[in-house]
């Protein structure tokens with residue numbers, strides 16, 4: 070076991086010693102603070118038909134615990150689902166493959182380091198929730214167990230499951246990030262629907278987040294004390310303006326043995342899942358790509374003599390002409406964008422694209438377009454990071470005017486593809502004479518591309534953009550005004566909204582240019 | 009064409025000085041860079057390739073300051089980094105077309121040129137296959153081809169023969185010799201025999217400093233009379249190693265032939281002076297400098 074500890078420790082340190090992780094932690098502090106909104110804030114995180122809990126220890130601790138559990142389960146998956154991929158990219162995997170470590174132990178190490186990363190973030194939200202309790206200062210006594218128990222029984226087991234699913238996703242879906250996201254979020258969506266259904270709940274035993282237990286306890290409390298017949302609670306960042314709520318004093322959950330045992334069962338099931346995955350793990354032994362299958366069989370006639378290798382008659386090479394335009398670069402960047410990821414995903418894209426031509430305009434604009442754009446997250450996040458990932462940056466930075474030509478080509482190719490994907494909505498807006506919608510969409514797709522480029526260049530990786538874009542899409546689908554980058558919601562001053570997004574685009578472009586300009590001369 | 013390096017200095021932080029007051033003039037022909045790991049060879053090459061900025065000093069290509077005007081050298085630069093990568097989803101032809109676009113190359117002749125370069129590096133048969141499926145040697149040959157795309161006048165090769173088989177290495181050396189007639193070729197390699205075969209001049213570096221620079225024969229001359237050979241019993245070898253700087257050993261029937269560095273006052277009995285090679289000179293000079 071000591072060697073497992075060393076492997077997990079090294080993996081954990083490798084992931085957390087980065088500028089990107091520091092930003093994640095800063096974001097975590099902000100989110101944890103936002104979990105407990107001020108009483109006069111224009112949003113809620115947990116409420117029930119006009120009722121909201123008073124900020125006693127139980128409410129602050131449990132709301133913080135459950136929000137951390139659910140949000141970190143979603144975002145955490147995106148955050149940690151590249152542990153094995155990193156070993157493939159760095160080729161450390163080849164070394165690991167030759168060591169005596171078993172597949173199960175290797176995957177377990179990956180799962181545990183995933184888990185530690187998520188627990189680190191959860192620990193920070195716990196500390197922040199305690200600080201927020203004192204900051205809000207409503208005079209209720211501080212009860213430590215009300216803060217610790219929800220984290221212990223909600224977050225600790227749920228994050229274990231998430232850490233496991235991240236490993237399982239990598240084993241079965243390889244480097245196909247988008248498919249992993251789609252599979253994971255679909256799974257979560259199905260579970261959330263099942264949790265919200267009426268029926269036998271078995272003390273929340275089948276609920277990996279524990280949300281059903283809280284929901285049931287809160288609605289029961291309100292119904293008993295206020296004679297209501299509330300069935301469910303509103304959960305998540307819900308912006309509904311400043312409303313007056315009836316406050317109630319909720320004292321927390323009575324933990325049942327069945328629920329606690331069910332957490333252990335979830336942990337056990339996760340371990341079993343890792344074991345099953347280990348039976349299918351590739352152990353860094355990849356087959357040649359499919360295209361090689363069709364390669365002609367070698368015969369004596371078509372085997373070329375190796376005497377011709379690196380034999381070049383310099384004088385016979387054709388004379389070159391120079392063309393410093395960026396069209397050829399845009400062409401290849403588009404090709405790279407199109408080829409990125411799994412080609413079968415294009416079927417899904419095509420389906421959504423066609424659906425956008427016929428679905429009611431408001432649904433297309435508010436839901437289908439953001440979803441289609443999010444499905445390309447892998448493409449956008451690679452726009453300005455692929456040179457570094459593939460170690461082609463030496464060529465890129467030493468090329469003629471890399472900023473004015475290559476970076477511009479990358480941004481342009483991204484915008485061209487994004488506009489192509491948004492084309493049905495743009496055309497329908499043209500026919501509807503909605504010039505604001507056209508402006509919003511073009512501004513919005515430019516924002517996404519420039520955000521991907523800026524965050525990629527500044528963080529040096531893809532993750533930050535992927536998480537940010539996930540949050541943005543989540544907000545946009547939930548009609549959160551501040552995340553409405555495509556302008557599908559009504560805004561009081563449309564021109565101002567367009568101008569604000571445009572200014573953001575200029576800022577992102579400037580940041581990208583300044584940072585890349587520095588990077589290109591400081592390898 | 010001349011590349012003039014004057015008092016070049018590169019400091020990463022207070023602890024790490026990669027280059028210290030480095031001055032050198034490089035003319036047409038092949039300059040071989042030799043030095044132990046961490047000597048500053050790659051840093052020097054990165055600075056010349058404009059992807060790293062020096063902390064001080066100047067770098068002029070035919071009088072033009074390339075630190076201030078990096079695009080002036082980029083037009084005529086061919087650069088093969090030590091640990092470069094490729095886009096695995098592109099095939100060789102597409103990748104070279106992409107690099108050509110980065111270098112600002114176009115026109116009808118480009119396609120023909122890429123085809124000829126691919127033929128030259130023996131990748132025509134695999135040109136339509138994704139580069140992700142290539143072996144290390146094939147990727148290295150793609151790297152060499154991209155460096156030659158733009159008819160470069162300054163060629164920088166950082167460990168270019170890594171992954172090449174002996175025949176390819178030989179062909180590569182011939183190619184470099186051809187190219188050097190018309191351009192500046194800067195080449196670093198840990199394989200001294202590669203440098204020995206093709207370099208007109210050699211620069212030996214250590215700890216970010218230039219120890220010596222000049223034609224090969226002048227470098228070798230510095231080690232003449234300091235390299236000795238002796239036949240020893242196998243049992244005596246370990247003690248001998250403790251007292252002398254052994255360069256090489258070769259097993260013979262019941263003895264072992266040892267080649268070592270020594271000054272006249274510390275020569276072992278029955279030793280004979282042997283002709284120095286570039287490798288001997290390199291080892292002698294870097295040892296002496298420590």
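Residue numbers (our numbering), protein chains in the order written: chain L, 70 to 592; chain H, 9 to 298. We treat Cβ as the ideally placed atom computed from N, Cα and C, and that holds for glycine.
For residue i, go through chain H and note every residue whose CB falls closer than 7 angstroms to its CB, in chain order.
i              : result
residue 470(L) : 79
residue 388(L) : 117
residue 353(L) : Within 7 angstroms Cβ-Cβ: nothing; residue 353(L) doesn't reach chain H, min ~15 angstroms.
residue 383(L) : 186, 187
Which residues in chain L sit within 8 angstroms of residue i, going by Cβ to Cβ distance?
i              : result
residue 72(H)  : Near residue 72(H) there are no residues of chain L at all, since even the closest Cβ is about 15 angstroms away, more than 8 angstroms.
residue 114(H) : 390, 391, 392, 394, 397
residue 102(H) : 401, 404
residue 124(H) : 381, 385, 386, 387
residue 121(H) : 386, 387, 389
On the premise that residue j lies in contact with residue i, defined as a C-beta separation below 8 angstroms, what is that separation, rounded to the nearest angstrom?
i              : j              : result
residue 101(H) : residue 126(H) : 7 angstroms
residue 152(H) : residue 174(H) : Between residue 174(H) and residue 152(H) the Cβ distance is about 16 angstroms, and since that is not below 8 angstroms, they are no contact.
residue 147(L) : residue 520(L) : Actually they are not in contact, since the Cβ atoms of residue 147(L) and residue 520(L) sit about 16 angstroms apart, beyond 8 angstroms.
residue 490(L) : residue 413(L) : In fact, because the Cβ distance is near 17 angstroms, the residues do not count as touching under 8 angstroms.
Can you tell which of the options has the C-alpha that lies nearest to the C-alpha of residue i?
i              : options                        : result
residue 126(L) : 209(L), 497(L), 168(L)         : 209(L)
residue 271(H) : 261(H), 254(H), 287(H), 264(H) : 254(H)
residue 92(H)  : 466(L), 582(L), 569(L)         : 466(L)
residue 411(L) : 193(L), 403(L), 242(L)         : 242(L)
residue 289(H) : 278(H), 267(H), 73(H), 231(H)  : 231(H)
residue 94(L)  : 533(L), 294(L), 551(L)         : 533(L)
residue 241(H) : 131(H), 30(H), 260(H)          : 260(H)
residue 280(H) : 235(H), 296(H), 17(H)          : 235(H)
residue 588(L) : 186(L), 453(L), 82(L)          : 453(L)
residue 36(H)  : 185(H), 15(H), 49(H), 189(H)   : 189(H)
residue 180(H) : 148(H), 26(H), 210(H)          : 148(H)
residue 282(L) : 313(L), 333(L), 219(L), 239(L) : 219(L)
residue 212(H) : 9(H), 26(H), 49(H), 34(H)      : 49(H)
residue 615(L) : 96(H), 214(H), 136(H), 129(H)  : This structure leaves residue 615(L) out entirely; chain L is present only between 70 and 592.
residue 76(H)  : 84(H), 88(H), 66(H), 85(H)     : 66(H)
For residue i, return the contacting residues in chain H, with the cut-off set at a CB-CB distance below 8 angstroms.
i              : result
residue 590(L) : 58, 59, 60, 61, 78
residue 461(L) : 92, 93, 94, 95
residue 475(L) : 110
Where do the ends of the beta strand (DSSP E) carrying residue i lie?
i              : result
residue 112(L) : 112–116
residue 195(H) : 192–196
residue 223(H) : 217–223
residue 420(L) : From DSSP, residue 420(L) is part of no beta strand (DSSP E) but of the alpha helix (DSSP H) over 414–427.
residue 308(L) : 303–308
residue 9(H)   : Neither: residue 9(H) is in no beta strand (DSSP E) and is coded neither H nor E.
residue 38(H)  : 37–42
residue 267(H) : 264–269
residue 253(H) : 253–259
residue 235(H) : 235–240
In chain L, which residues lie with their C-beta within 9 angstroms of the C-beta of residue i?
i              : result
residue 97(H)  : 404, 405, 408, 409
residue 259(H) : Correct list: empty, because the minimum Cβ distance to chain L is about 31 angstroms.
residue 82(H)  : 467, 468, 469, 470, 471
In terms of residue numbering, what span does the alpha helix (DSSP H) encompassing residue i cover?
i              : result
residue 238(L) : 225–242
residue 555(L) : Where residue 555(L) is concerned, there is no enclosing alpha helix (DSSP H), given that its DSSP letter is neither H nor E.
residue 166(H) : Segment 162–166 is the beta strand (DSSP E) holding residue 166(H); no alpha helix (DSSP H) there.
Starting from the beta carbon of residue i, find every residue of chain L whose beta carbon is closer than 7 angstroms, and list them in chain order.
i              : result
residue 154(H) : 464
residue 109(H) : 397, 398, 401
residue 106(H) : 401
residue 159(H) : 389
residue 54(H)  : 592
residue 89(H)  : 463
Residue i versus chain C: which residues are under 7 angstroms apart at the beta carbon?
i             : result
residue 85(H) : Any reference to chain C falls outside this structure, whose protein chains are L and H.
How would you list, in chain order, the residues of chain H whose beta-carbon sits under 9 angstroms from the beta-carbon of residue i?
i              : result
residue 449(L) : Here the premise fails: no neighbours, minimum Cβ distance about 16 angstroms.
So, do the stretch 299–310 of chain L and the stretch 244–254 of chain L have three or more beta carbon pairs nearer to each other than 8 angstroms?
Contact fails: fewer than three Cβ-Cβ distances are below 8 angstroms.
Sufficient close CB pairs (3 or more, under 8 angstroms) joining the stretch 192–208 of chain H to the stretch 155–164 of chain H:
For the pair of segments examined, the stretch 192–208 of chain H was found to touch the stretch 155–164 of chain H: the number of CB pairs separated by less than 8 angstroms reaches three.
Inspect the CB distances between the stretch 112–126 of chain L and the stretch 166–182 of chain L and report whether three or more fall short of 8 angstroms.
No: fewer than three Cβ pairs fall under 8 angstroms.
Count the C-beta pairs between the stretch 423–440 of chain L and the stretch 17–27 of chain H that are closer than 8 angstroms, then say yes if the count reaches three, no if not.
No: the two stretches stay apart, fewer than three of their Cβ pairs being nearer than 8 angstroms.
Taking contact to mean 3 or more Cβ pairs, one atom from each stretch, closer than 8 angstroms, check whether the stretch 484–504 of chain L and the stretch 536–553 of chain L are in contact.
Output reads no: the stretch 536–553 of chain L does not touch the stretch 484–504 of chain L.
Are three or more beta carbon pairs between the stretch 387–396 of chain L and the stretch 467–478 of chain L nearer than 8 angstroms?
Segments in contact, yes.
Three CB pairs or more closer than 8 angstroms across the stretch 220–240 of chain L and the stretch 184–191 of chain L:
Contact holds: three or more Cβ-Cβ distances are below 8 angstroms.
Quick check: the stretch 24–33 of chain H against the stretch 195–204 of chain H, are at least 3 beta-carbon pairs closer than 8 angstroms?
With the cut-off at 8 angstroms, the stretch 195–204 of chain H and the stretch 24–33 of chain H do not touch.
Count the CB pairs spanning the stretch 148–166 of chain L and the stretch 323–343 of chain L that are closer than 8 angstroms, and state whether there are at least three.
The stretch 148–166 of chain L vs the stretch 323–343 of chain L: no contact.
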